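For this note's numbering, add 16 to where a residue sits in the sequence shown, where the first one is 1. Structure, as structure tokens:
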Amino acid sequence: MKKETEPELPLVQEDDSETNNSDTNMPNPVKKPKTLLQKILIWIVLLGVLAIIYFAWQEVDPKDKLNSKYSSDQQRIVSEFGLPDTFQVVKDSGADEKTTRSEIWRYLKLGEVFLFENGQFSARTHQDFNLNADASLVTVKIEPADVYNLITLEEINQLLGGEPNYSADINQEVLANAQLYNYDNLVTIGLVDNKISWVRTFAGVSGDDKNADTIIEDEPQSKDTLST
């Protein structure tokens, strides 16, 4: 009879690391695994942050974000027509000390005029400013929002980079405690009780035979008015 031989067992190599650790009495570091609940909470927080960022950008068109200092009505006009060539801002404080802001925006070459009350669109008029299509406008490099929060004449001087070249007191019977200041015929400021009450800008025409170096007359002479 043949003698059965036992199968050879594979050799197992001893792990030196265990021996070394036992020799030095240093335990192996053990990383504590994150629980499922912790992972879920982390994902919820991340998704919440991403959702806030996404909806914040979707709420307003990126093009309108550049003009967020204006109301939604004004932003719509700026998006379609750009900033006005000239404008008028009048601030009136009533008996309740609440300030009402009235604005007129003029687009001279387009013949368009827009009116706003506290940023809300109130009317649109069409006006012929009698300008040649190739006329070169001369305007000041400021926009309506630049003067919204200005109070003193010094703030206006800083904005325009200079002082007025003309000033006058307004007839007390017309408006008490009021002064008028003019900057190169392109900006007029009205102060009442030493506070800015109105700002109006004008435009000139340069290099045009018909209106050379003149200030454009932009008083309302509207043909029709569209209010919504």
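Ideal Cβ positions, reconstructed from N, Cα and C, are used throughout, including at glycine. Quick caveat: nothing in here was measured; it's all calculated off a predicted structure.
Practice problem: Mark D150 as exposed unless 16 or more other C-beta atoms lie within 10 angstroms of its C-beta, in which case mark it buried. | Solution: Taking all protein chains shown into account, D150 has fewer than 16 neighbouring C-beta atoms within 10 Å of its C-beta and is therefore exposed.
Quiz item: Any idea what DSSP makes of E119, helix, strand or coil?
Solution: Of the three classes helix, strand and coil, the one that applies to E119 here is strand, per DSSP.
Exercise. Measure the C-alpha to C-alpha separation of I58 and T115 and round it to an integer number of angstroms.
Key: Rounded to whole angstroms, the gap between the alpha carbons of I58 and T115 is 48 Å.
Practice problem: Compare the C-alpha of G177 against each of I56, I158, S183 and N165 and name the closest. | Solution: Residue I158 is the option with its Cα nearest to G177.
Quiz item: Pick from W214, E233 and L62: whose alpha carbon is nearest that of Y164?
Solution: Selection W214, E233 and L62 evaluated against Y164 yields W214 as nearest (Cα-Cα).
Quiz item: Which residues does DSSP pair with S95 in a beta bridge?
Solution: Paired residue(s): none; S95 is not in a bridge.
Exercise. Could you work out which residue in L191, V221, S118 and L53 is closest to V208 when comparing CA atoms only?
Key: Between V208 and the set L191, V221, S118 and L53, the nearest pair of CA atoms involves L191.
Quiz prompt | Expected contact under 8 Å - CB spacing of V221 and S152 to nearest Å | solution = Confirmed, about 7 Å.
Quiz prompt | Whole alpha helix (DSSP H) elements within the stretch 98–177, 4-residue minimum | solution = Within the stretch 98–177, the complete alpha helix (DSSP H) segments at least 4 residues long are 169–176, listed from N- to C-terminus.
Quiz item: What are the start and end residues of the beta strand (DSSP E) that includes Y197?
Solution: Element bounds for Y197: A194 to Y199.
Quiz item: Is DSSP giving S87 helix, strand or coil here?
Solution: S87: coil per DSSP, three-state reduction.
Quiz item: Any idea what DSSP makes of L207, helix, strand or coil?
Solution: Per DSSP, reduced to three states, the secondary structure at L207 is strand.
Quiz item: Mind checking whether K105 and P180 have CB atoms under 8 Å apart?
Solution: Residue 105 is actually Val in this sequence, not Lys. No, the Cβ-Cβ distance between V105 and P180 is not below 8 Å.
Quiz item: With a Cβ-Cβ cutoff of 8 Å, do T217 and V154 count as a contact?
Solution: Taking 8 Å as the Cβ cut-off, T217 and V154 do not qualify as a contacting pair.
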